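Protein chains in written order, with this note's numbering: chain A, 2 to 437; chain B, 2 to 437.
The following block contains the structure:
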């Protein structure tokens, strides 16, 4: 067990925001890493098709290349950092690196969620490291795989997309509608020009599939994740939620019970008094409910050059240590999927907001539809207000199955006298939820 | 890099609350650990002087022994779990185990804070693992040493003692005085019969010294940690703090600057709007401010049988993996201490509450003393109220040196017309604090 410093060669694929951050950290923090971890990652190549664009970091231009495949093939590159993104060239290059026995460090949640089992099967001795793929600078993968290894993990709740959390926070604070805040976020760089992946929940779904796979030890396919985005969250609902003591968050909800696994992404009401309800702006947070450690919560920046690079360099160090020791971790989960529980099992309390024509009997008719679908009401709120043609009416249900609620919502949407489409969000109390 | 399961023998010293939890987890979660981590820790011996007391777990009585030294000496015990506590037999047995090349897993913060450098020097190949020594079930040591390895860590703020946080939470919610809540906590098992180690801040100081050593990479001696407890926190101050938008927490404040390190434990005002201000009851939390990852926060249960056992079993698994690979981590920090910054550097805003005789000129005289010590006031609050002989007057200062504030407080305590001793707490805004 030598305390000597183990030198390891690193190649970075993709010289964008994150790739440049990784290069910068490796070049600046080399001595720190050698002292703390006994390994010295040395940058050998950085590949990108566009080498002209300024990156805002100092780097020896001799390290730069446009030939990613050649960078992967170099004998002196033992660890390949993939920051290209997507499932095209990133997939081919990752497979090529693993095939050569190299270790791959990636922030690519789409690649992992869609091709994880293939990558882990190809990994042989090198290993695939993916701390940066979920929740950026927060070491949540390491916590789940190592720190909490002694725990069964029946529940994970995550705020995993900084763009969505930023938009919801600003909508709440400025009382401005979704479209206005989205445009502001695009101008200030907190949202992409094409925001679909973020605001429609797909990015969160990728990360939820990865966390769910770790929780249950089997590859949860992306197709098993129920996904809703935040486009339907209105200022009206944010206000109602606040009055009721909640905030609306885009939440990944992972249930891992002996009977099976269910994973949902969607807007949920989260108690204001819970730490998860306090997570604001671009921050991410993950609440891991464990059978031995109890509730543990992790919070930090889920994106950005240096938070992501911090996670990647942590992985480079771990890969280097494990290469030096000649012993990798076992694959993070088995390739065959777990039993996925049907929607019927996915019981929760629900927030249901209708716009009803302001005339006698409408509320009773809506309540009758809800009751007929075997959904029991905890409370109904209709406020006095200006006499508009349609008025908001709020139904909070007791625990009911998602499928039943969905069917009720479909029927209500078609009912005469119902204005805008009904809005339905899950209420997550986060504590002491009964299994089932 | 074999994926075969590596069997490793474990001996537990101390069969109390935590030791029994570790035994129970090892016996119940063996298959889970083998599948997830590729190692199977097998319990070989559990040593305690008292074997009669019931522990509430099922265990083969053939594993039990009263001879701890013999358990350490067994050839089939490769990993020794020390849950005895204190710095007496725990120290001797730990040294003996390390001398035989074994790995030691410990939850003993006092031992680490007082004898850490000696233990790490003796560790040779086996290594000392101590995730459970700070913040129980939260994998904060692993986060600092591994996940955040690429970061410099200029600031750490920690709520590290569940008993104190419980008492402060109950005092705030029940508006009951310290002594009453302490007695309640003792009755309900949240405080020890002798609460000194907890309520006077020493337990937090042990943990703060360990975190500070990890942050700066050098052993911070316990003697360098400034310590105040929570006995002087009154309901009056909790109320004032709340009105000002703060909560009072027993906070470990670690500053790690190029010029040196300072570590303080004491009651601090923390903003209610910050996650750290929302941590309630027995929960612990650590805010780690990093140069690359930014702010990351970790929260969970800091004590108790299974949270602590969860951390210990995580360490057993890591020790087993590293033994299998024949390569340990480097020591967590160097034995020689860093430069410790004198109090003069420890600048903050301050909350200063005096009981002044209700007569003209008193407030001016107190303000004059404060000003003469070069402390500038941000605001002064004196409320109308019943005419008692002494009335509370609140001074909030701009940033000022701890030494100056201490001198001013000493002078004020002796001033004619000052009733009860002055109360002085640091205000930690947690965000964007200037270096100084």
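Here a beta-carbon is modelled for each residue, glycine too, at the ideal position from N, C-alpha and C.
No experiment lies behind these values; they were computed from the predicted model shown.
Among the options, the one whose alpha carbon lies nearest that of residue i
i	options	result
residue 99(A)	121(A), 387(A), 402(A)	121(A)
residue 70(B)	60(B), 229(B), 82(B), 249(B)	82(B)
residue 221(A)	116(A), 192(A), 410(A), 351(A)	116(A)
residue 265(A)	213(A), 271(A), 324(A)	213(A)
residue 223(A)	349(A), 202(A), 348(A)	202(A)
residue 383(B)	374(B), 397(B), 370(B), 182(B)	397(B)
residue 233(A)	353(A), 45(A), 66(A)	353(A)
residue 147(A)	33(B), 302(B), 78(B)	33(B)
residue 292(B)	30(A), 280(A), 8(A)	30(A)
residue 253(A)	231(A), 242(A), 235(A)	231(A)
residue 333(B)	393(B), 53(B), 196(B), 119(B)	119(B)
residue 309(B)	349(A), 151(A), 180(A), 162(A)	151(A)
residue 483(B)	298(A), 363(A), 394(A), 198(A)	A question about residue 483(B) goes unanswered here, because the residues of chain B that appear run from 2 up to 437.
residue 60(B)	20(B), 38(B), 181(B)	20(B)
residue 10(B)	38(B), 45(B), 16(B)	45(B)
Any chain A beta carbon closer than 8 Å to residue i
i	result
residue 429(B)	no
residue 152(B)	yes
residue 311(B)	yes
residue 251(B)	no
residue 118(B)	no
residue 293(B)	yes
residue 268(B)	no
Residue i: contacting residues in chain B (beta-carbon distance under 8 Å)
i	result
residue 99(A)	Correct list: empty, because the minimum Cβ distance to chain B is about 13 Å.
residue 319(A)	147
residue 34(A)	150, 151
Per-residue contacts from residue i into chain A (C-beta, under 7 Å)
i	result
residue 296(B)	301
residue 403(B)	Chain A residues near residue 403(B): none, gap ~29 Å exceeds 7 Å.
residue 30(B)	151
8 Å Cβ cut-off: residues of chain A touching residue i
i	result
residue 326(B)	323, 326, 327, 328
residue 276(B)	276, 279, 280, 300
Beta-carbon proximity list for residue i, same chain, < 7 Å, skipping 5 on both sides
i	result
residue 315(A)	132, 140
residue 206(B)	223, 226, 228, 266
residue 167(A)	186, 191, 282, 283
Where residue i meets chain B, residues with beta-carbon distance less than 9 Å
i	result
residue 217(A)	Correct list: empty, because the minimum Cβ distance to chain B is about 11 Å.
residue 59(A)	In chain order: nothing, as chain B lies at least about 16 Å away.
residue 143(A)	140, 143, 144, 147, 148
residue 387(A)	Chain B residues near residue 387(A): none, gap ~34 Å exceeds 9 Å.
residue 122(A)	Going along chain B, no residue has its Cβ under 9 Å from residue 122(A), so there is no contact; the nearest lies around 12 Å.
CB contact check: residue i to chain B, cutoff 8 Å
i	result
residue 417(A)	no
residue 315(A)	yes
residue 422(A)	no
residue 44(A)	no
residue 132(A)	yes
residue 26(A)	yes
residue 349(A)	no
Cβ shell of residue i (< 6 Å), same chain only, five flanking positions each side left out
i	result
residue 307(A)	22
residue 436(A)	Here the model assigns residue 436(A) a pLDDT of 41, short of 50, so the residue's position is not dependable and the matter cannot be decided.
residue 48(B)	14, 66, 69, 72
residue 159(B)	253, 287
residue 153(A)	292
residue 91(B)	83, 85, 109, 112
7 Å Cβ cut-off: residues of chain B touching residue i
i	result
residue 245(A)	Chain B residues near residue 245(A): none, gap ~19 Å exceeds 7 Å.
residue 191(A)	What residue 191(A) touches in chain B: nothing, since even the nearest Cβ is about 15 Å away.
8 Å Cβ cutoff, residue i in contact with chain E
i	result
residue 338(A)	Included in the structure are the protein chains A and B, with no chain E among them.
8 Å Cβ shell around residue i - same chain, five flanking residues per side excluded
i	result
residue 416(A)	366, 367, 370
residue 406(B)	351, 353, 374, 376, 398, 425
residue 2(B)	Interpretation of residue 2(B) is limited by its pLDDT of 37, a score under 50 that renders its predicted location unreliable; the figure taken from the coordinates is listed afterwards. If we look at residue 2(B) and ignore the five residues flanking it on each side, it has no Cβ neighbours.
residue 410(A)	353, 423, 425
Contact set between residue i and chain A, taken where Cβ atoms lie within less than 9 Å
i	result
residue 308(B)	291, 293, 294, 295, 297
Residue i beta carbon near the ligand MN (any heavy atom closer than 7 Å)
i	result
residue 143(A)	No copy of the ligand MN occurs in the structure displayed, which carries no ligand at all.
Sequence ranges, beta strand (DSSP E) only - wholly within the stretch 155-199 of chain B, length at least 3: 156-160
Every unbroken alpha helix (DSSP H) within the stretch 347-389 of chain B, with a cutoff of 4 residues, ordered by chain: 363-373
Alpha helix (DSSP H) segments (min. 4 residues) lying fully within the stretch 40-103 of chain A: 69-74, 90-100
Contiguous alpha helix (DSSP H) assignments of at least 4 residues, all confined to the stretch 8-39 of chain A: 18-29, 31-38
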